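Mapping the sequence shown onto full-length UniProt numbering, position 497 (from 1) lands on 497, and the numbers just tick up by one. Glycine included, every Cβ here is placed at the ideal spot set by N, Cα and C. Only a predicted model underlies this, so the values are computations on that prediction, with no experimental measurement involved. Data block below; observations after.
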Amino acid sequence: MSQDGDNVNTSSRSVKLNSVSKPSQNLLQIWIQKHADLLANERKVEQDEARLLLSNCPPKQLERHGLAILGLGVLSISVGLGGKTLIELERPIAFHSSSTFPPHQLRPGDIVQIEDNSIDPTQQGGKSAKGKSTKSKTNDGDANHTADQGLGGVIFRVTDTKIIVAASSKGLDPSDLPARIKVVKVANDSTFDRMEWTLTRLAKILNISVKTAKRSFDAESSDDEEAADQDSVVIPSTATNSGQSSTLVPTLVGQTAPTWRNWPEEEELRLFNENLNASQIEAIKFALTANDFALIHGPPGTGKTTAVAEMVLQLAIVHQKRVLVCGASNLAADNLLERIVSKGGDVLKRSHIGITRIGHPARVLQSLMTATLDYQSQHSSEGGLVKDVRKELESALSSMRPKDTAAGNKSTSYRGQASSKSQKLRGSERKEKREEIKLLRKEFRKRERGLLRAVLQRASIVVSTCHGAGAKQLDGIDFDVVVIDEACQATEATCWTPILKAKQDGQLILAGDHLQLPPTVKGYRHSQFKKHSGNPKRNSEGKEKEEKSAEDSKSGDDDAGSGSGAEEEEQYSSKQVIKRTRLRPPQSLETTLFSRLLGMYGQGCKVLLDTQYRMNEEIMNFPNSALYENKIKAHESCAKIRLADVEGYDIGNSEEEETDNAPIVFYDTAGCEMYESRQSEEDAGSGGKASIFQFDSRANLHEVELVAQHVELLIKNGLAPEKISILSPYNLQVSALADRLRGSKTSKDSKDAIRTAMEKVAIGSVDSMQGMENEVVIISLVRSNEQRNVGFLAEKRRLNVAMTRAKRQLCIVGDSDTIAGAGDEYLKQWMAFLEENAMIEPVIV
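Below you can see the structure in the form of structure tokens.
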């Protein structure tokens, strides 16, 4: 196929691509070096921010902002994959009124430190419990991490009442863990290490050089080896192609154009899921006929994951392909795995096609347990080879820490002394036991490595996160097809990790929505963060200008059109089609591979899912017209749904009937002087330290009360609190909402039952709710000021996520004067839409 915008026929559509100029070696050099530089900057920002937070914020403030959990006790210690020591922690009821964790941001895969709960780094100079800093190696698929203090680890699993940390084996002595500890989130170097290593491999394939900031991850080293720390690593331009994907990689960088085969007219697509609509079937055919790559564009609620699951089954069962299925997050990977197993589990078993989930599952459902690598390795025919060593290792670890010091033992004093006569090992006996543990762990890893390889070799479908695809277990295993779900939430460098697992003639399929939130990037505001945190007394107008400038740089266009996908959005909001004719160096890590390919090759390389099954069509109308050119239609199963249809919900004949049942409700605070604030009451008493969190966060306590009022109304009418979600773009407002609804005051006529029910309502940031949904979603916009500054609300993709989570009712609380007066045309259109279509609820001052 030529590079001149030729047409290619697939089953029933014509694929027309933009003309793309072949990039020179110099352009490729600039492109990949720009990626490396952006990664280096992002790494530095995260490290600086984490260091600043840990050294300047008291532990209670860290917990309040979701970056730590305090007052934990050790419940158990066991051995996991790779010989990792799994430390299970809980909140002892001896020190807490509830065993449930407070709201937090700790997720599986996050790097954390386990520290003595009594140590306050702001008072102790950042020392560990023993008065010295420690260096530890954590393992998230064999990545290294150096911590300044405490015991390093990776969160393996989190529930409402328990957290399991996979601790480093380096320097670990379970007997040294204090009775009361805290877990603190720190910067995750392992992610950057792997992305930089991936870039060096890609540079070899493209026969160019790249200089990275650091190379602490070495794909050739063993688990026990520390990779050499270097200031930089240069891959020479004379490096030879390593053999990966000789056709796919050139297509992805614009050296050759992608092509599609014709779908045979006589061939029928025999579906495993017979409930797919026409656009989903077309998307599957489009992807299956791609010789190189294909994009599946799935707007909110259009069944993207369902379509991708069917496509994976088609590839593995019908076409006998080995498929690497990746999600941008653990949640995305597990959601896709659940769909694959639920629709094709029986067929996979009958066809003797294996499916394996590797990495840290965000939530392993009972139905998915048999698909995890951990389960399959333990229950395989070769599993007996490691069981005996595992038992010996766990026994040795247990002997290093007396059993009755466990957090759940009521006889424990929680001051580091057990009530029984069980004592810690000491002296030579202790040294011998440590040597025994070291040898047992080495033997365990050796046997386990062979076991895991055997399990994975039998799997035709391997599911992981994009980052997890770089795990050592997959070294040397090639795949016919790589599928990445939620590809618009992953940085391009992250996507290249699984891509380089494809065979020379491999295919790539990306699914996502570039009009929803991109991956979270902090580097764009690094300079503003430093300025603000260093001078908290600057006037509010100056702060607003800094914030606005930072957010403009985050979401603004650039001459290359690759800043954040903004130009791709314009293709939906106007008739003008923007064509890129060459590879463009990224201006931000927010530029995803999905967006870049769509911008480079045009609409011809993607297929749109056009039927949504989530929301009432009135809720759908604004995002559909503003972003999707009215190409999305509501399926008849959801088009007319309303709250009154929910079993148990009774609006009666009250005067509030319209508000109770309206698909869109708007509490407009314009003219009420319900202004935002930059800090909570607790932060106000923390001096300058609170400014670390205040830089990009706001709260509006007036809106908190309006939200609580609406929640109480819904619950009184019989709506289950689990069917309500509350969102806000600002973490400080999320914290204020949690304080108000969880255990705090309700209105005077409320009963205890309503108070208890309100505590069960889901509360979170807009970013954390992407991919989720609920019957009712309430959005607190927060921003209300005389300057008409809207901050993060200027990011239309963030609002698109927020307003498309609701099924039956979308409730918005905000100041229309501030939002519409900000000078943003999108926000102005939204306020006009609400005025015309929403049930406007009066706000009484």
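Which residue comes first and which comes last in the beta strand (DSSP E) that contains residue i?
i, result
"glutamate 90", "85-90"
"lysine 162", "162-167"
"glycine 345", "Per DSSP, glycine 345 belongs to no beta strand (DSSP E); it is in the alpha helix (DSSP H), 330-350."
"lysine 182", "181-185"
"glycine 771", "Per DSSP, glycine 771 belongs to no beta strand (DSSP E) and is neither H nor E."
"valine 323", "323-327"
"valine 79", "68-79"
"threonine 356", "354-357"
"arginine 798", "It is not in any beta strand (DSSP E) - arginine 798 instead sits in the alpha helix (DSSP H) that spans 796-803."
"phenylalanine 156", "151-158"
"leucine 727", "724-728"
If you check the beta carbons only, do residue i and residue j fall under 9 Å apart?
i, j, result
"serine 725", "alanine 762", "yes"
"glutamate 703", "valine 782", "yes"
"cysteine 488", "alanine 328", "yes"
"glycine 470", "tryptophan 197", "yes"
"valine 165", "glutamate 115", "no"
"leucine 583", "leucine 27", "yes"
"serine 595", "proline 518", "yes"
"proline 103", "valine 665", "no"
"alanine 440", "valine 483", "Note on residue identity: the sequence assigns leucine, not alanine, to residue 440. No, the Cβ-Cβ distance between leucine 440 and valine 483 is not below 9 Å."
"glutamate 382", "leucine 269", "no"
"glutamine 516", "glycine 303", "no"
"serine 784", "glutamate 676", "yes"
"aspartate 513", "glycine 298", "yes"
"isoleucine 805", "methionine 772", "Here the sequence assigns arginine to residue 805, which means isoleucine is not the residue at that position. Contact flag set, yes."
"leucine 295", "lysine 606", "yes"
For residue i, which of helix, strand or coil comes out of DSSP?
i, result
"glutamate 544", "Note that glutamate 544 scores a pLDDT of 41, beneath 50, so its modelled location is shaky; the value from the coordinates is reported in the next line. Helix."
"threonine 491", "coil"
"valine 845", "coil"
"alanine 639", "coil"
"proline 115", "Correcting the residue type first, residue 115 is glutamate in the shown sequence and not proline. Note: glutamate 115 maps to strand in three-state DSSP."
"lysine 606", "strand"
"glutamate 267", "coil"
"glutamine 787", "coil"
"threonine 370", "helix"
"isoleucine 208", "coil"
"asparagine 262", "coil"
"lysine 828", "helix"
"glutamine 378", "helix"
"leucine 583", "coil"
"methionine 674", "coil"
"residue 860", "The structure shown does not extend to residue 860, since the chain is modelled only from 1 to 845, so the question has no answer here."
"phenylalanine 95", "coil"
"residue 898", "The question about residue 898 has no answer here: the residues shown for the chain are numbered 1 through 845."
"lysine 807", "strand"
"isoleucine 651", "coil"
"glycine 383", "coil"
"threonine 302", "coil"
"threonine 100", "coil"
"valine 308", "helix"
Can you give me the start and stop residues for the alpha helix (DSSP H) that residue i sits inside?
i, result
"tyrosine 601", "593-601"
"arginine 64", "59-64"
"glutamate 705", "701-716"
"residue 847", "One cannot answer for residue 847 here, as it falls past the ends of the chain, which runs 1 to 845."
"valine 253", "No alpha helix (DSSP H) contains valine 253, which DSSP labels as neither H nor E."
"leucine 276", "Premise fails: leucine 276 is in no alpha helix (DSSP H) and is neither H nor E."
"alanine 294", "Run containing alanine 294: none in the alpha helix (DSSP H); it sits in the beta strand (DSSP E), 293-297."
"serine 735", "731-741"
"histidine 35", "25-56"
Is residue i near the ligand HEM - that is, is its Cβ less than 8 Å away from at least one heavy atom of it?
i, result
"leucine 799", "In the structure shown, the ligand HEM is absent, as is every other ligand, since no ligand is present at all."
Residue i CB to nearest chain C CB: under 9 Å?
i, result
"methionine 600", "Absence of chain C from the displayed structure is noted, only one protein chain being present."
Suppose only complete runs of 4+ residues qualify. What are the alpha helix (DSSP H) ranges in the segment 446-514, listed by chain order? Segments of the alpha helix (DSSP H) lying fully in the segment 446-514: 492-499.
Taking one C-beta from the segment 190-204 and one from the segment 473-481 each time, how about it: are there three or more such pairs within less than 8 Å? These segments do not touch.
Assess, as a yes-or-no matter, whether the segment 455-464 is touched by the segment 276-294 under the definition of 3 or more beta carbon pairs within less than 8 Å. Touching, no, given that fewer than three Cβ pairs across the two stretches are closer than 8 Å.
Count Cβ pairs between the segment 621-634 and the segment 39-57 that sit closer than 8 Å; are there 3 or more? No, because fewer than three Cβ pairs between the segment 621-634 and the segment 39-57 fall closer than 8 Å, the two stretches do not touch.
Closer than 8 Å is the cut-off here; do at least three beta carbon pairs connect the segment 493-503 with the segment 334-352? Because the criterion of three Cβ pairs below 8 Å is not met, the segment 493-503 and the segment 334-352 do not touch.
If contact is defined by three or more beta carbon pairs under 8 Å, each pair taking one atom from either stretch, is the segment 630-650 in contact with the segment 710-720? Yes, since at least three Cβ pairs between the segment 710-720 and the segment 630-650 fall closer than 8 Å, the two stretches touch.
Indicate whether the contact test is met: 3 or more Cβ pairs, each with one atom in the segment 385-399 and one in the segment 442-461, closer than 8 Å. Contact holds: three or more Cβ-Cβ distances are below 8 Å.
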